[in-house]
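Enquirer:
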Amino acid sequence: MESNGGSTSRRAAAERIRRAIALINAVADEAGDEEITPTEIAEAIRDCLELSEVDRAPNVRRYLGEALDAVSDGMPADFVAMILYAALGALREGV
Amino acid sequence: MRSAEGRGRTLDEAVDAALIELQESRRHVDVKILIETPEETVVEVTVMDQTAPSMGVAPAPVNGKAELARNLVEGLLKHMGVRAQVSVRPGADPITLDISGRDLGGLIGWRGETLRALQSVTNVMVGKHLAEGERVIVDVERYRQRREHTVREIAMRAARQVKMTGDAITLDAMQPFERRAIHLALEGDPDVTSSSIGEEPERRVVVGPRKPGGE
Chain A
1 MESNGGSTSR
11 RAAAERIRRA
21 IALINAVADE
31 AGDEEITPTE
41 IAEAIRDCLE
51 LSEVDRAPNV
61 RRYLGEALDA
71 VSDGMPADFV
81 AMILYAALGA
91 LREGV
Chain B
1 MRSAEGRGRT
11 LDEAVDAALI
21 ELQESRRHVD
31 VKILIETPEE
41 TVVEVTVMDQ
51 TAPSMGVAPA
61 PVNGKAELAR
71 NLVEGLLKHM
81 GVRAQVSVRP
91 GADPITLDIS
101 GRDLGGLIGW
111 RGETLRALQS
121 VTNVMVGKHL
131 AEGERVIVDV
141 ERYRQRREHT
151 VREIAMRAAR
161 QVKMTGDAIT
171 LDAMQPFERR
181 AIHLALEGDP
191 DVTSSSIGEE
201 PERRVVVGPR
211 KPGGE
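Chains as they are written, first to last, in our numbering: chain A, 1 to 95; chain B, 1 to 215.
(1) Please list, in chain order, the residues of the stretch 127-149 of chain B that have any C-beta partner in chain A closer than 7 Å.
(2) Compare the C-beta of His183(B) with all C-beta atoms of chain A and state if any pair is closer than 8 Å.
(3) From Leu19(B) to Tyr143(B), what does the alpha carbon distance come to, in whole angstroms?
(4) Closer than 8 Å by beta-carbon distance: list the chain A residues that pair up with Pro94(B), in chain order.
(5) Can you have a look at Thr10(B) and say buried or exposed, based on whether 16 or more other CB atoms are within 10 angstroms of its CB?
(6) Three Cβ pairs or more, each shorter than 8 Å: is that satisfied between the stretch 32-48 of chain B and the stretch 72-89 of chain B?
(7) Closest by CA to Ala13(A), which one among Asp69(A), Arg61(A), Phe79(A) and Gly74(A)?
(8) With distances taken from CA atoms, which of Ser87(B), Ile197(B), Asp172(B) and Gly208(B) is nearest Thr165(B)?
(9) So what's Leu115(B) in DSSP terms, helix, strand or just coil?
(10) Is the beta carbon of Ala67(A) closer than 8 Å to that of Ile45(A)?
(11) How many Å lie between Asp167(B) and Gly198(B) at the Cα?
(12) Given 8 Å as the limit, is there contact between the stretch 22-35 of chain B and the stretch 76-84 of chain A, that is, 3 or more CB pairs closer than that?
(13) Counting only C-beta atoms, is Pro209(B) closer than 8 Å to chain A at any point?
(14) Three or more C-beta pairs under 8 Å: does that hold for the stretch 168-180 of chain B against the stretch 21-41 of chain A?
(15) Answer yes or no: does any C-beta atom of chain B fall closer than 8 Å to that of Asp69(A)?
(16) Using a threshold of 8 Å, state whether the C-beta atoms of Arg16(A) and Asp55(A) are closer than that.
(17) Need the endpoints of the beta strand (DSSP E) that Glu44(B) sits in, please.
(18) In chain A, which residues lie less than 9 Å from Ala66(B) when you measure between Cβ atoms?
(19) Nearest CA to the CA of Ile95(B): which residue from Pro212(B), Gly8(B) and Ser87(B)?
(20) Against Ala117(B), what residues of chain A qualify as contacts under a CB-to-CB distance less than 7 Å, listed in chain order?
(21) Does the beta carbon of Val124(B) come closer than 8 Å to any beta carbon on chain A?
(22) Taking the DSSP output, what are the residues bridged to Ile33(B)?
(23) Classify Leu84(A): buried if its beta carbon has 16 or more other beta carbons within 10 angstroms, exposed otherwise.
(24) Would you mind reading off the limits of the beta strand (DSSP E) that contains Leu97(B)?
(25) Closer than 9 Å, Cβ to Cβ, to anything on chain B: give me those residues from the stretch 25-46 of chain A, in chain order.
(26) With distance defined between alpha-carbon atoms, name the residue in Leu186(B), Arg135(B) and His129(B) nearest to Val151(B).
(27) Which term fits Gly112(B), buried or exposed, when burial requires 16 or more other beta carbons within 10 angstroms of its beta carbon?
(28) Determine the extent of the alpha helix (DSSP H) in which Val162(B) is found, giving its start and end residues.
(29) Rounding to the nearest angstrom, what Cα-Cα distance links Ile35(B) and Asp12(B) in this structure?
(30) Identify whether Ala90(A) lies in helix, strand or coil by the three-state DSSP scheme.
(31) For Arg7(B), report the span of its beta strand (DSSP E) as first-last.
(32) Once the 5 residues before and after Glu137(B) are set aside, which same chain residues still bring their CB inside 8 Å of it?
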C-alpha cells in the first residue's frame, strides 16, 4: 500500500511535469504576453528529473530524458509536449 | 445567420431569454453583451454556423491538409475506442477540427488537459504536411470556442470595472489561448490595457487603466 508521503511526492512530480507542459503550451499557443526560451523549458524538465519519484514508476525518467533531448535538438513544441504527456501518464499509471 | 436580443436582470437571464426566442442551446451560440448595468443586462445572441459532416455535406473547397488531419484524428479516436464525429470547421484559420459526439467530457479532461494533449499529438502526426508555423487546432464539443467566449466576456466586464474604478484587476490563472483571447479582446480599447504576470501554469492577466501617452 502506498504511504501518504508517496502520494504527495507523486503529486509534486506531476505538478512539475505539468509546469513544464504549461511552458511548452505557452510557446505553442503563443499567448503573446511572454517570451519563453528553450533554456527555461529545459530547466523545468530538469526540475522534474531531480525528484526521486520519477524512478518509482517505469519509463517516467526515460520520457523526461527524451523530452530534454528533444528540447536540445530544437524539436517542435508539440513534439516535446507529447513526450511530457507520456511521462505524466506513466507517472499516474506506474505507482 | 440568426440572432436575437435578450434582456434580463443577470447575464444568464438575458442569454436564456434570447435562447428561448431562437430555440437554440447555449452550445451553438455566440453571446455579445450590449448593455450591462446593475439593473439590466442586454445581450445579442447569434447562432454559430453548424457543420454537418454526418449528413454527407462536405464543405467546399476541401482543404487537403485539413482533410488529412481530420482522417488522422478520426483514426486515433477509433483506436482509443471513442465514438465521435470529426469535422473541419469551415473557414477557420488556423485549421480547426471539431469533434462531436456523446459523453466526450473524458476527451476534454481536467481544465482541457486531455484535449490539449490530443492537439499536441495531432500536430505531431500532421506536422510534416504543415508549413512552418502552421498549426491544427482541435476542439471537442466547441469547448475551446466556448472558453474563448467566456473569457472575452470576463475581459469586457473587467474593462468596464476598471473604467469605473480606475483600479487594475487581476484575473484568475488562465491557459495561453485564453489569455490571448483576452489580450485580443482589449487591444482596441483606448481606456484599458492588459498584461500578464506570474509563471506558468499560474500566469494571470491584469486589466488596468491605460496611462495617457502610454501604450
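We put the beta carbon where it would ideally sit given N, CA and C, even for glycine.
Expert: So, to answer that:
(1) Cβ contacts with chain A: Gly127.
(2) For the purposes of this step, residue 183(B) is taken as the residue at position 183 of the second sequence. His183(B) counts as touching chain A.
(3) On the second sequence, position 19 is the one that residue 19(B) refers to. On the second sequence, position 143 is the one that residue 143(B) refers to. Rounded to whole angstroms, the separation of the alpha carbons of Tyr143(B) and Leu19(B) is 19 Å.
(4) Here residue 94(B) refers to the residue found at position 94 when the second sequence is read from its first residue. Residues of chain A whose Cβ lies closer than 8 Å to the Cβ of Pro94(B) do not exist, since the nearest Cβ in that chain is about 11 Å away.
(5) Walking along the second sequence from the start, residue 10(B) turns up at place 10. With fewer than 16 other CB atoms across the displayed protein chains lying within 10 angstroms of its CB, Thr10(B) is exposed.
(6) Counting Cβ pairs under 8 Å, fewer than three are found: no touch.
(7) Here residue 13(A) refers to the residue found at position 13 when the first sequence is read from its first residue. Out of Asp69(A), Arg61(A), Phe79(A) and Gly74(A), the CA that lies nearest to the CA of Ala13(A) is found in Arg61(A).
(8) Here residue 165(B) refers to the residue found at position 165 of the second sequence. Sorting Ser87(B), Ile197(B), Asp172(B) and Gly208(B) by C-alpha distance to the C-alpha of Thr165(B) places Gly208(B) at the top.
(9) Within the second sequence, residue 115(B) is the residue found at index 115, counting from 1. DSSP places Leu115(B) in helix when its eight states are reduced to three.
(10) As a position in the first sequence, residue 45(A) is number 45, starting the count at 1. As a position in the first sequence, residue 67(A) is number 67, starting the count at 1. Closer than 8 Å, so yes.
(11) Counting from one through the second sequence, the residue named residue 167(B) turns up at place 167. Counting from one through the second sequence, the residue named residue 198(B) turns up at place 198. Asp167(B) and Gly198(B) have their C-alpha atoms spaced approximately 19 Å apart.
(12) Counting Cβ pairs under 8 Å, fewer than three are found: no touch.
(13) Against the second sequence, residue 209(B) aligns to sequence position 209. No, no contact with chain A.
(14) The stretch 168-180 of chain B vs the stretch 21-41 of chain A: in contact.
(15) To locate residue 69(A), count along the first sequence from 1; it is residue 69. By this cut-off, Asp69(A) is not an interface position.
(16) Translated into positions along the first sequence, residue 16(A) becomes position 16. Translated into positions along the first sequence, residue 55(A) becomes position 55. At a Cβ-Cβ threshold of 8 Å, Arg16(A) and Asp55(A) do not count as neighbours.
(17) The residue given as residue 44(B) occupies position 44 in the second sequence. Taken as a continuous stretch (DSSP letters only), the beta strand (DSSP E) holding Glu44(B) covers Thr41 to Val47.
(18) The residue given as residue 66(B) occupies position 66 in the second sequence. Neighbours of Ala66(B) across chain A, judged by C-beta separation under 9 Å, do not exist; the nearest C-beta is about 17 Å away.
(19) Stepping through the second sequence from its first residue, residue 95(B) is reached at position 95. Distances from the alpha-carbon of Ile95(B) to those of Pro212(B), Gly8(B) and Ser87(B) put Ser87(B) closest.
(20) Mapped onto the second sequence, residue 117(B) falls at position 117. By Cβ distance, chain A contributes Tyr85.
(21) On the second sequence, position 124 is the one that residue 124(B) refers to. Using a CB distance cut-off of 8 Å, Val124(B) counts as an interface residue toward chain A.
(22) By 1-based counting over the second sequence, the position of residue 33(B) is 33. Per DSSP, Val43(B).
(23) Locating residue 84(A) in the first sequence gives position 84, where the first residue counts as 1. Classification of Leu84(A): buried, given that the 10 Å Cβ count is 16 or more.
(24) Within the second sequence, the letter at position 97 stands for residue 97(B). From DSSP, the beta strand (DSSP E) with Leu97(B) extends over Ile95 to Ser100.
(25) Within the stretch 25-46 of chain A, contact with chain B at the beta-carbon level (separation under 9 Å) is assigned to Asn25, Ala26, Val27, Ala28, Asp29, Glu30, Ala31, Gly32, Asp33, Glu34, Ile36 and Ala44.
(26) Translated into positions along the second sequence, residue 151(B) becomes position 151. Per the Cα distances, Leu186(B).
(27) As a first step, residue 112(B) is located in the second sequence; it is residue number 112 there, counting from the start. Sixteen is the threshold: when 16 or more other Cβ atoms of the shown chains lie within 10 Å of the Cβ of Gly112(B), as they do, the residue is buried.
(28) To locate residue 162(B), count along the second sequence from 1; it is residue 162. Following the DSSP letters along the chain, one finds Val162(B) inside the alpha helix (DSSP H) bounded by residues Tyr143 to Thr165.
(29) Position 35 of the second sequence, counting from 1, holds the residue named residue 35(B). Position 12 of the second sequence, counting from 1, holds the residue named residue 12(B). Spanning the alpha carbons of Ile35(B) and Asp12(B) requires a straight line of approximately 13 Å.
(30) Counted from its first residue, the first sequence places residue 90(A) at position 90. Looking at Ala90(A) - three-state DSSP - the assignment turns out to be helix.
(31) As a working mapping, residue 7(B) is identified with position 7 in the second sequence. It spans Ser3 to Gly8 - the beta strand (DSSP E) in which Arg7(B) sits, taken as one unbroken run.
(32) Your numbering for residue 137(B) matches position 137 in the second sequence. For the record, residue 137(B) in the displayed sequence is Ile; it is not Glu. Hits under 8 Å: Ala92, Pro94, Ile95, Thr96, Leu97, Gln119 and Arg144.
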